[in-house]
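Going by my numbering, the sequence shown opens with residue 6, and the numbers climb by one from there.
Every residue, glycine too, gets a C-beta built ideally from N, C-alpha and C.
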Amino acid sequence: MASVKEVRDFFDEIAPYYMKLDFDNVGHLVGCVGTSVTKALVALDITDEVIEEAIALGAQLIVSHHPLIFDSIKRVTDDDRIGRKIIRMLTNGVSAICLHTNMDTASGGVNDRLMAALGAEVTGLLSPHGTHPDGTPYGISRVGKLKAPVDFSDFLARTKQRLHCNGLRYVDGGKPVEVIACCGGSGGGEMMKAYAAGCDTYVTADVKYDQFLQAKELGLNLIDADHFCTENVVAPFMADALAKRFPEIETVISKIHRQTIQFI
6 MASVKEVRDF
16 FDEIAPYYMK
26 LDFDNVGHLV
36 GCVGTSVTKA
46 LVALDITDEV
56 IEEAIALGAQ
66 LIVSHHPLIF
76 DSIKRVTDDD
86 RIGRKIIRML
96 TNGVSAICLH
106 TNMDTASGGV
116 NDRLMAALGA
126 EVTGLLSPHG
136 THPDGTPYGI
146 SRVGKLKAPV
156 DFSDFLARTK
166 QRLHCNGLRY
176 VDGGKPVEVI
186 ACCGGSGGGE
196 MMKAYAAGCD
206 TYVTADVKYD
216 QFLQAKELGL
226 NLIDADHFCT
236 ENVVAPFMAD
246 ALAKRFPEIE
256 TVISKIHRQT
266 IQFI
């Protein structure tokens with residue numbers, strides 16, 4: 006029977022924790038290392054609803070992308086949003102393993118999955134932020150290329166359909182789409198790097214108004230495809246990896262967690 010520690014160590018192999026950004030908090034964040042895991046729930050976030058879903062499922066573990074805990078905890082009480090979640094999980098024997106910027110960076114992780122969903126082949130890293138022990142660089146954002154150029158309107162429709170978005174925020178730079186960069190989640194700050202790399206299109210989320218203005222002036226196609234939608238592509242990867250390594254664990258992707266932002 007696999008333990009929480011064994012699952013934690015496995016994810017450290019496929020998305021090494023040292024690849025995280027400095028601000029981040031990843032790994033085993035809640036629960037007991039020795040707990041045996043027979044059922045696991047995979048979700049982008051650990052919301053109250055996801056916790057209840059895990060309890061109803063009889064899961065001993067939630068594997069999420071976004072960390073439940075970012076800051077140093079000074080108290081755990083039920084009148085605090087995070088404290089309430091931790092208490093609910095511990096009371097019901099549910100642990101949490103969180104894989105954030107290390108999974109953004111990992112081979113096969115968020116941004117490789119996002120590029121694949123967009124129909125592009127990864128050709129390189131947009132902005133490496135570290136090196137592996139063997140000297141190979143790693144980074145979050147990717148650069149890629151489509152097999153053939155497509156009209157921006159067609160690419161928009163493809164992006165919305167494949168990422169299951171409720172809607173897209175975008176600027177049409179007036180160019181067909183062929184060389185693209187992507188950063189799942191909050192990647193507006195990487196926009197100028199995409200432009201400098203010669204990309205005609207940049208796909209990310211949480212883009213600011215001034216960044217849309219700048220993209221329009223530069224002639225860069227810019228798409229904000231929602232934080233959840235650009236990152237939830239990794240949920241099947243995490244679930245498949247866990248199920249293959251630990252076939253004795255029943256692994257389920259959350260059916261209740263959806264895109265939070267809605268459009269009229």
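Residue i, enclosing alpha helix (DSSP H) - first and last residue
i: GLU54; result: 53-62
i: SER158; result: 157-167
i: THR235; result: 232-236
Any non-hydrogen atom of the ligand MN closer than 7 Å to residue i Cβ
i: SER158; result: Ligands in the displayed structure: none, and consequently the ligand MN is not present.
Spatial distance of residue i from residue j (CA atoms)
i: GLU222; j: TYR207; result: 14 Å
i: SER8; j: THR43; result: 9 Å
i: LEU130; j: GLY193; result: 16 Å
i: MET243; j: LEU49; result: 10 Å
i: LYS165; j: HIS232; result: 13 Å
i: ARG118; j: GLY98; result: 32 Å
i: ALA201; j: HIS262; result: 36 Å
i: ILE254; j: PRO181; result: 45 Å
i: VAL238; j: THR82; result: 33 Å
i: GLU18; j: CYS103; result: 14 Å
i: ALA323; j: ALA162; result: No information on residue 323 is available, as it lies outside the stretch 6 to 269 that the chain covers here.
i: CYS187; j: HIS169; result: 17 Å
i: PHE16; j: ALA210; result: 26 Å
i: MET214; j: ALA220; result: In the sequence as displayed, the identity of residue 214 is Tyr instead of Met. Distance between the alpha carbons of TYR214 and ALA220: 10 Å.
i: VAL257; j: ALA61; result: 12 Å
i: SER191; j: MET197; result: 14 Å
i: PRO133; j: CYS204; result: 17 Å
i: ILE91; j: PHE28; result: 21 Å
i: LEU218; j: GLY224; result: 10 Å
For residue i, the three-state DSSP class (helix, strand or coil)
i: ARG13; result: helix
i: ASP83; result: coil
i: ILE266; result: coil
i: CYS103; result: strand
i: PRO72; result: coil
i: ILE254; result: coil
i: LYS213; result: coil
i: PRO241; result: helix
i: HIS137; result: coil
i: GLY193; result: helix
i: ILE261; result: coil
i: CYS187; result: strand
i: LEU66; result: strand
i: ALA202; result: coil
i: LYS221; result: helix
i: ALA20; result: coil
i: GLY88; result: helix
i: ALA45; result: strand
i: LEU151; result: strand
i: LEU4; result: One cannot answer for residue 4 here, as it falls past the ends of the chain, which runs 6 to 269.
i: LEU5; result: Nothing about residue 5 can be read from this structure; the chain reaches only from 6 to 269.
8 Å contact criterion, which residue i and residue j should meet: CB distance rounded
i: LEU227; j: GLY178; result: 7 Å
i: LEU123; j: ALA101; result: With 8 Å as the limit, LEU123 and ALA101 do not qualify as a contact, their Cβ atoms being about 30 Å apart.
i: PHE251; j: VAL12; result: 7 Å
i: MET116; j: GLN264; result: In the sequence as displayed, the identity of residue 116 is Asn instead of Met. Incorrect: roughly 19 Å between the Cβ atoms, too far for contact.
i: ASP229; j: ARG147; result: About 17 Å; that fails the 8 Å criterion.
i: SER259; j: GLU58; result: 6 Å
i: LEU247; j: ALA64; result: In fact, because the Cβ distance is near 12 Å, the residues do not count as touching under 8 Å.
Start and end residues, beta strand (DSSP E) containing residue i
i: LEU130; result: 125-130
i: LEU227; result: 226-229
i: VAL115; result: Note, VAL115: premise wrong, no beta strand (DSSP E); alpha helix (DSSP H) at 115-122.
i: PRO142; result: 142-144
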